[in-house]
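Written below as structure tokens is the structure these notes are about.
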Amino acid sequence: MKISNSLFATIWRLGLLDVFRVLIYKLTIRLNIHPACRAKAQVIKGPYFSKSLSKPIRANPVSAWQESGILFDNILIDSINSIPNWLQNPLTSSSSYKNYNPWWKINDFDSANGDIKLIWEQSRMHWLISFAQRARNGDSHYLEKMNLWLEDWIKVNPPFYGPNWKCGQEASIRVMNICIALLILDQYKQPSTSLLKIIELHLRRISSTMSYAIGQRNNHGTSEAAALFLGGSLLAKSGSFSGARWEVKGRKWIERLLKKLVSSDGSFSQHSINYHRMLIDTVSLIEIWRSRNNLNKFSENFYGQIDNACSWLYQMISSDKGDGPNLGANDGTRLIQISDTDYRDFRPCLQLAMAVFKREIPYARSEVNDENLKWLGLKTETVKAQKKESKIFKDGGYALLRRGEATVMLRLPTFRFRPSQCDGLHLDLWLHNKNCLIDAGTYSYNDKKEVMDYFSGNEGHNVVVFDERDQMPKISRFLYGNWLKGNCDQRLKIKDENISFRAFYKDYHGAKHHRKITLYDTKLIIEDQVSGFNQSAKIRWRLGTSNWKFLQEIGKVIITDSEHALSIKSNSRSFSGELTSGWKSLNYFSKEQISVLEAEINESGSFITEYSWNL
């Protein structure tokens, strides 16, 4: 009964129309009656790109895909002198995928082949960007490689068959990378007929399942709408009626989705810092393309929502390194890979977006690599940095507390959109550029259940665990039910000596968690009141630094390193604690061990945690 009630309540909160869209898609696909199941097309032969007649650009090409390929911005693969095997897992060299199977008959998750994203990643065609940069600067070898690789890709992946046609968003990312390559080569005004035909195939695939993408309420919808707009406008210029229709459809849905998915405080529906970047990169590309092709502007609301989204990301990341909380789901996506910057440096995204939309930049050129501005023909010298401030993003569910060199991010237990992780009241502590109390991240979307549950569940976050269960029950691979019922302070409490904030939730079993955080110049105090559980409440602090020494006193555990000290005490007689280990994943399909401090009580009571620095 609990499961059925949970499912019904979750469906209601997801939105009946969007759930209906998803269900209709899945049912018609399963019955082989969806229009996409009838799609047919011929393989398109090249060449697709021609020699650039424009002046070389005085900027450094991205190093990726020159000596070796790279997946998810962190996994190097073998030499790229030969064309990749598009149907093969590049890490295991295994593949049982066949290019004669229609995409709708292929499973997203197949243990025999491993994570399908390892197949998809090479087919996102980020290599087109690297090759186009070198071709623009006069290296004809890379122009040949562009055409050769693309011709081989379409041959090995015939339209609508095989794993690389499985996902509409993957098709969308290919369209966006093709458009970036056209911008770099200055061929966006008169692309070849062969390339237009490839784009048309992709838009047919995307358009056929657009309703499903919209129903997800995430980046699938925004990416696919963007591809329809970009590719549709190209086709429309060549006289294509379908292209004109796709352009209008893409414009309509990118407007609607931004209004729906971006809150007034700038937060994005996916509760993810990396998917937030993807959204901003997507709209930046759209606006560059619109401007270059003299297309009509979007609405004032569109630009206002982007401004809010940029402000949200600016507040979340550090000014010096550009990193931020390892917040929410992360599949390794980075859309605009034009310059050599670290995957976790989010500043180039903002640098580009602000240059595009504001004609100003938030970071001095000496502070951040902004070669992408040169490659995309953007010129601005005006630096206008926003003030970093303590702030509550109540719509999205975040509180930022700043004092001295410290920043605390508290994930509020309030959800407008479905949560992808059990991170209610998770706390991130940053000291300058160092992440001291950390989120585990994601690691992989296709691994053993216990591995994925670790990273997305309670164990991967700095939260209280009641009775060894997650905060919310997992209904499916990416769906949690019985969303937390929570509340928080309406304002930050700011005093001369500290800044504080409180939040609360009650879970689906009736367990209650009150968390108060107080930030001083050299210490952070977290007060956790817990009740309503049956057997145990466990607090967990995931540590970003190493070489900790463990001490235990009566009613208290203490760990120290050379600069920091962390202690937990309780008013419960059943209190115990230990220093153990866990995992963190800063990049997709990559993980490393960390230290974790845990403490447990077996009755209603409190945990008092103190983290101090500059010892």
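Residue 226 in this note's numbering sits at position 213 of the sequence shown, with consecutive numbering throughout. The beta-carbon is built from N, C-alpha and C at its ideal position, and this holds for glycine as well. The model shown is predicted, which means the values in this text are computed figures rather than measured ones.
- Exclusion of the five residues before and after Lys462 leaves no residue of its chain whose Cβ lies closer than 6 angstroms to its Cβ.
- Looking at the DSSP output, Leu564 sits in a beta bridge with Ile571.
- The DSSP assignment places 140-149, 153-169, 181-198 and 206-221 as complete runs of the alpha helix (DSSP H) inside the region 139-221, in order along the chain (cut-off: 4 residues).
- The beta carbons of Phe546 and Ala524 sit closer together than 7 angstroms.
- A contact is defined here as three or more CB-CB pairs under 8 angstroms, and the region 588-601 meets this definition with respect to the region 75-88.
- The beta carbon of Ile96 is closer than 6 angstroms to those of Trp162 and Asp165 in its chain, skipping five residues each way along the sequence.
- Here Asn600 carries a strand assignment [DSSP, helix/strand/coil].
- Look at Gly473 here: in three-state DSSP terms it is helix.
- Rounded to the nearest angstrom, the gap between the Cα atoms of Asn114 and Phe173 is 9 angstroms.
- DSSP places Tyr533 outside both helix and strand once states are collapsed to three, so it counts as coil.
- Between Gly181 and Ala239, the C-beta spacing is not below 7 angstroms.
- Residue Lys158 holds the alpha-carbon nearest to the alpha-carbon of Pro60 among Ile42, Lys158, Ser403 and Gly473.
- As computed with DSSP, Phe406 is found in a beta bridge with Tyr411.
- When the Cα atoms are used, Lys179 and Glu213 turn out to be separated by approximately 17 angstroms.
- Around the beta carbon of Arg490, a 10 Å sphere encloses fewer than 16 other beta carbons of the protein chains shown; the residue is thus reported as exposed.
- In this structure Leu141 is not in contact with Asn98, their Cβ atoms being roughly 18 angstroms apart against a cut-off of 8 angstroms.
- Residue pairing by DSSP puts Arg424 in a beta bridge opposite Tyr411.
- Counting of Cβ neighbours within 10 angstroms places Pro176 among the buried residues, the total reaching 16 or more.
- Per DSSP, Phe588 is not a residue of any beta strand (DSSP E), being assigned neither H nor E.
- Nearest Cα to Ser220 within the set Leu196, Asn170, Ile451 and Gly256: Gly256.
- Within the same chain, Asn287 and Met291 come within 7 angstroms of Thr346 by CB-CB distance, once the 5 residues on both sides are set aside.
- Counting along the chain, the unbroken alpha helix (DSSP H) around Ala322 starts and ends at Glu313 to Met329.
- As the crow flies, the alpha-carbon of His527 is around 16 angstroms from that of Lys506.
- Of the candidates Asp320, Gly252, Lys202 and Tyr376, the residue whose Cα lies closest to the Cα of Asn307 is Lys202.
- By the Cβ rule, the region 537-552 counts as touching the region 472-486, because three or more pairs are nearer than 8 angstroms.
- Between Leu298 and Ile193, the alpha-carbon positions lie close to 8 angstroms from each other.
- DSSP places Cys50 outside any beta strand (DSSP E), giving it a letter other than H or E.
- Taking C-beta atoms as the reference points, Lys397 and Glu373 count as a pair closer than 7 angstroms.
- Contact annotation, Asn231 with Ser280: C-beta distance approximately 13 angstroms; criterion of less than 8 angstroms not satisfied.
- Residue burial annotation: Phe33 is exposed, with fewer than 16 other C-beta atoms found within 10 angstroms of its C-beta.
- Under the Cβ criterion (8 angstroms, minimum of three pairs), the region 204-213 counts as touching the region 46-62.
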